[in-house]
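Enquirer:
2 protein chains.
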Amino acid sequence: MTELEQYIQNYFDVGEDKDLAAIASCFVPNEVRKGDYLLKEGRICNQLSFIHSGLIRIYAIKGDKEVTQWISTPGYFVTDLASFTFGTPARWNMQALTDCELYTIDRERYNKLGEAVPQWHQLEKLFIAKCFIILEERVNSHLFMTAEERYQQLVAKQPELFNQVPLQYLASMLGMTPETLSRLRKKAIS
Amino acid sequence: MTELEQYIQNYFDVGEDKDLAAIASCFVPNEVRKGDYLLKEGRICNQLSFIHSGLIRIYAIKGDKEVTQWISTPGYFVTDLASFTFGTPARWNMQALTDCELYTIDRERYNKLGEAVPQWHQLEKLFIAKCFIILEERVNSHLFMTAEERYQQLVAKQPELFNQVPLQYLASMLGMTPETLSRLRKKAIS
DNA sequence: TGAAATTCTTGATATTTATCAATTCTGTGC
DNA sequence: GCACAGAATTGATAAATATCAAGAATTTCA
Chain A
434 MTELEQYIQN
444 YFDVGEDKDL
454 AAIASCFVPN
464 EVRKGDYLLK
474 EGRICNQLSF
484 IHSGLIRIYA
494 IKGDKEVTQW
504 ISTPGYFVTD
514 LASFTFGTPA
524 RWNMQALTDC
534 ELYTIDRERY
544 NKLGEAVPQW
554 HQLEKLFIAK
564 CFIILEERVN
574 SHLFMTAEER
584 YQQLVAKQPE
594 LFNQVPLQYL
604 ASMLGMTPET
614 LSRLRKKAIS
Chain B
434 MTELEQYIQN
444 YFDVGEDKDL
454 AAIASCFVPN
464 EVRKGDYLLK
474 EGRICNQLSF
484 IHSGLIRIYA
494 IKGDKEVTQW
504 ISTPGYFVTD
514 LASFTFGTPA
524 RWNMQALTDC
534 ELYTIDRERY
544 NKLGEAVPQW
554 HQLEKLFIAK
564 CFIILEERVN
574 SHLFMTAEER
584 YQQLVAKQPE
594 LFNQVPLQYL
604 ASMLGMTPET
614 LSRLRKKAIS
């Protein structure tokens with residue numbers, strides 16, 4: 434199984450090898466440079482990419498400050514699911530934090546996968562349901578946990594982010610100020 | 434269009450009238466009494482219901498207290514989407530706050546809709562995507578807004594809840610204590 | 001390399017929200 | 001109507017987090 438096929442399989446759980454290969458063949462490798470935008474707020478999101486290497490930040494502007502929603506890392510995908518699915522204006526900016534190697538499918542090809550892969554709509558449904566569950570976890574993390582517990586959870590799940598991503602972005606993504614994150618880190622170390 | 438068909442149409446956006454009728458025919462009316470549970474944490478969620486009348490509270494137990502995730506109202510549906518879709522143990526309790534009239538489909542019938550309605554998996558995908566967007570809004574409300582702004586948003590969107598639902602549940606759902614909600618209300622009135 | 005820019009940390013303080021305890025209010029059943 | 005239980009409010013205080021300002025550390029790039 435190629436690396437790309439592995440990425441796809443992790444999200445789409447394709448039953449047939451030939452279907453998996455057919456899906457993978459619709460993705461094309463591409464690169465973006467540090468600072469490049471994959472998507473800007475207000476535009477239509479026309480692509481879904483898996484990250485082979487690099488980091489991508491998803492954020493929005495709220496008043497006079499940026500709110501980071503998520504940092505996407507190798508093996509994960511990036512898209513604005515709402516915009517990609519419904520063709521509505523994106524509410525997120527997606528910007529490369531580092532040079533990135535991606536595998537990308539555009540909306541047109543994506544929407545034709547149903548013709549090539551009989552089970553496609555079923556797989557796609559389950560993919561979106563998985564995304565739903567991931568989001569549900571995030572809502573829960575705000576309802577059930579304190580800022581400090583959210584920080585500890587992120588340290589446990591993705592410790593590498595703390596070496597690779599400006600802490601101000603992680604703070605925003607956790608729903609706290611950079612100063613608060615800085616103090617929680619200090620507290621955790623001592 | 435029947436009331437049930439209208440509810441379904443709001444979420445599934447069915448193209449063909451006969452498909453809509455076919456889907457609606459798989460739902461059966463049923464009633465639950467105030468206090469009854471539609472689902473308990475740990476069980477598998479085997480049904481999806483539209484609410485014709487009444488209110489249902491979705492909540493979980495965290496430590497020694499209950500966290501209300503949502504209050505579902507007439508016209509909306511209730512289910513644990515993760516459990517219903519993947520057959521995994523539910524993480525939520527669903528309890529009737531009042532006597533309720535529902536239209537319910539069980540998992541078995543739901544999963545057979547693909548046989549009766551050609552576009553079903555496509556419709557279902559879009560349904561789940563809509564649920565995803567609703568959740569995304571909720572994550573945003575925690576990242577972008579203060580507790581007070583979340584309160585004001587709920588007042589604007591669902592003012593009737595404040596007459597019909599114990600405020601402690603609304604407080605929990607907004608991610609704050611009952612005391613804080615009480616003070617925000619007082620502040621908003623004056 | 002070194003200067004400039006950005007990021008991170010730290011301290012002092014303000015604001016927000018939670019906690020705990022005591023009433024008050026409201027609805028329910030007798 | 002009255003007593004009771006649950007719910008909501010209020011007050012006093014504590015804890016968590018934000019804000020503002022300054023300085024230290026790090027990164028960027030000419």
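Going down the list, the protein sequences come from chains A and B.
Per my numbering, the very first residue in the first sequence carries number 434; after that it's consecutive.
Per my numbering, the very first residue in the second sequence carries number 434; after that it's consecutive.
Positions of the beta carbon are idealized from the N, C-alpha and C atoms, including for glycine.
For residue 459 (chain B), would you say it is in contact with chain A, using Cβ-to-Cβ distances shorter than 8 Å as the test?
Expert: no
Enquirer: Compare the C-alpha of residue 693 (chain B) against each of B:450, B:481 and B:438 and name the closest.
Expert: This structure cannot speak to residue 693 (chain B), because chain B is shown only from 434 to 623.
Enquirer: Taking C-beta to C-beta, are residue 617 (chain B) and residue 608 (chain A) nearer than 8 Å?
Expert: no
Enquirer: Grouping DSSP H, G and I as helix and E and B as strand, with all else coil, what is residue 527 (chain B)?
Expert: strand
Enquirer: To be precise: take each residue of the segment 557-568 of chain B, compare its Cβ to all Cβ atoms of chain A, and keep it if any distance is under 8 Å. Which residues remain?
Expert: So the close ones are 557, 558, 559, 561, 562, 564, 565, 566 and 568.
Enquirer: Would residue 571 (chain B) count as contacting chain A if we go by Cβ distances under 8 Å?
Expert: yes
Enquirer: DSSP puts residue 503 (chain A) in a beta bridge; with which residues?
Expert: A:491
Enquirer: Given a cut-off of 8 Å, decide if residue 611 (chain B) and residue 601 (chain B) are closer than it, judged by their beta-carbon atoms.
Expert: yes
Enquirer: Nearest to residue 505 (chain B) by alpha carbon, out of B:521, B:443 and B:487?
Expert: With respect to the C-alpha of residue 505 (chain B), the residue from B:521, B:443 and B:487 having the closest C-alpha is B:487.
Enquirer: For residue 530 (chain A) versus residue 489 (chain A), is the C-beta distance shorter than 8 Å?
Expert: yes
Enquirer: Which bits of chain A does residue 555 (chain B) rub up against, with CB to CB less than 9 Å?
Expert: 547, 554, 557 and 558
Enquirer: With 16 other CB atoms within 10 Å as the buried threshold, where does residue 434 (chain A) fall?
Expert: exposed
Enquirer: Looking at chain A, is there any beta carbon in it that lies within less than 8 Å of the beta carbon of residue 510 (chain B)?
Expert: no
Enquirer: Reducing DSSP to helix, strand and coil, say where residue 543 (chain A) ends up.
Expert: helix
Enquirer: Under DSSP, the alpha helix (DSSP H) around residue 611 (chain B) begins and ends at which residues?
Expert: First-last of the alpha helix (DSSP H) with residue 611 (chain B): 611-622.
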